[in-house]
Amino acid sequence: MTAPLSIASARALHLAAQGLLTPPRRKAVKADVLAAVRRMAQLQIDTIHVVARSPYLVLFSRLGPYAPQWLDEHLADAKLFEYWSHEACFLPIEDFGLMRHKMLNPIGMGWKYAAEWHAKHRKEIDKLLAHVRASGPVRSADFTRSAGKGNGWWDWKPEKRHLEVLFSTGHLMVAERRNFQRVYDVAERVLPDWDDARDLPPREAVLPRLVDNTCRALGIVRADWIADYYRLPKRPYRDELHALADAGELLPVTVEGWKEDAFVHRELAPLVDPARDGALRSTVTTLLSPFDPVIWDRRRASTLFGFDYTIECYTPAHKRRYGYFCLPILHRGRLVGRVDAKAHRAQRMFELKAVHIEPGVRLGAGLAVDIGRAVRKLADWHETPVVEVGDAPKEIARAIGAD
């Protein structure tokens, strides 16, 4: 009988799939951005920019210093597209067909498709679509509010709601982003070669491909991890995983301490024996976005890393344990802590408000130096080279060489 994988080996396989096993061997080029998104299958979009906005930070964690505009250029060149998958995400254009069925029938998307608003304002929405088709791309900012300033998504101006409806139904797509603002255009101009009659995959083919994408992106999976990645209906996906295993796409494995069946994607099959023997080890130290695929499924992160993470920017200040926008610290295959950071771009200063090391993690000289280098590297990429350290262990402050 084949020996089971250790949890550490399972983590190594997961990080290998995510592009976080070893540091980049060379300076990043534009094609690496597209390759990284394809490897993850999707890149979550979030507008919080206490540090770099999440999609750019997720890429930095894998690529090291790179030009953020490369992501924007891939979107403008239609090599990526935006849609609702895990949440609002950039996705490889070759997966457009996997999302197209949702666009054509968005009723099951909940708040992401305002069906009642659509029904109530159909004439105005159709008029807006005709305007874009005739006059060209628009932004929400092109339309003024009738009074006052919006207080949140529940208080959007009507045109913004109309644009969101047209986006969810696939009539409009995001043609590009300007200063991170969506620029909408009609789908037939963004993807002129797409033809539903010719290109739309059969509905029954979509789920197996989404499950396979998930397995490839995660590297090692269990049935209870599948639903979250693309926000599929919440249920175990045992039958789908066993079908993929029967087709040779997945390799069944056992993991110490897990009662659940586990599977490794075939692309990682050559790494399974080295992982089992302890020879596959992550050598990466970096800071992760709260919306990184490694961390966005909190239960999976807890199972794989023993790491309990909640983003606290939505938590009242007096109830926060760690800070407003904490970045998990990935160090050589483990999540060893978190940093509460803020980039002050105008002052060219990177503020490290606090560094929290996980219970049970020994803060030796090597770990402190690795964390210090990771912080410095991130600060330099932000063009905030002055690092100010607040509440942090003295070993880390010394390693950073705080200004």
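Mapping the sequence shown onto this note's numbering, position 342 (from 1) lands on 342, and the numbers just tick up by one.
Think of the CB as a built atom: it goes at the ideal place given N, C-alpha and C, for glycine as much as any other residue.
- It is roughly 9 Å from the alpha-carbon of V29 to the alpha-carbon of W70.
- Going by C-alpha positions, L304 is about 52 Å away from A134.
- P385 places its beta carbon 8 Å or farther from that of A392.
- For R281, there is no enclosing beta strand (DSSP E), as DSSP marks it with neither H nor E.
- In chain order, R266 place their CB closer than 7 Å to the CB of G248, counting only its own chain and leaving out the 5 sequence neighbours on each side.
- In terms of Cα proximity to E358, the closest of R321, G110, A52, A341 is R321.
- Taking D273 as the centre and dropping the five residues before and after it, the same chain places no C-beta closer than 8 Å to its C-beta.
- Pairing D340 with L352, the inter-Cα distance amounts to about 6 Å.
- Of the residues E116, R376, E383, E240, the one whose Cα lies closest to the Cα of F263 is E240.
- For the alpha helix (DSSP H) assignment, the uninterrupted runs of no fewer than 4 residues enclosed by the segment 199-274 are, from N- to C-terminal side, 203-218, 226-229, 238-246.
- For F90, the enclosing beta strand (DSSP E) begins and ends at 88-92.
- Distances from the CA of T2 to each of Y324, D277, A374 were compared; the closest alpha carbon is that of D277.
- In terms of Cβ geometry, L166 and L129 form a close pair [threshold 8 Å].
- Contact check for L43 against V37 passes: the beta carbons are separated by less than 8 Å.
- Contact check for L330 against T285 passes: the beta carbons are separated by less than 8 Å.
- Look at D95 here: in three-state DSSP terms it is helix.
- Assigned with DSSP and collapsed to three states, I396 falls in helix.
- In this structure, L80 is the residue among L80, P68, T47 with its C-alpha nearest to the C-alpha of R39.
- For S61, the closest C-alpha among the options I93, C89, T22 is that of T22.
- Beta-carbon to beta-carbon, E395 and A368 are separated by about 4 Å, close enough to satisfy the 8 Å threshold.
- Per DSSP, I48 lies in no beta strand (DSSP E) and is assigned neither H nor E.
- Burial is judged here by how many other beta carbons sit within 10 angstroms of a residue's own beta carbon; N213 has at least 16 and is buried.
- Taking the C-beta atoms as reference points, E124 is found nearer than 8 Å to H162.
- If you check the CB distance, V174 and L75 come in under 8 Å.
- When P208, V255, Y229 are compared, the shortest CA-CA separation from D246 is found for P208.
- Excluding five sequence positions before and after R348, the CB atoms of its chain that fall closer than 8 Å to its own CB belong to E383, T384, P385, V386, given in chain order.
- The continuous beta strand (DSSP E) containing T286 extends over residues 285-287.
- Boundaries of the beta strand (DSSP E) around Q181: 181-186.
- Going by C-alpha positions, H101 is about 53 Å away from G401.
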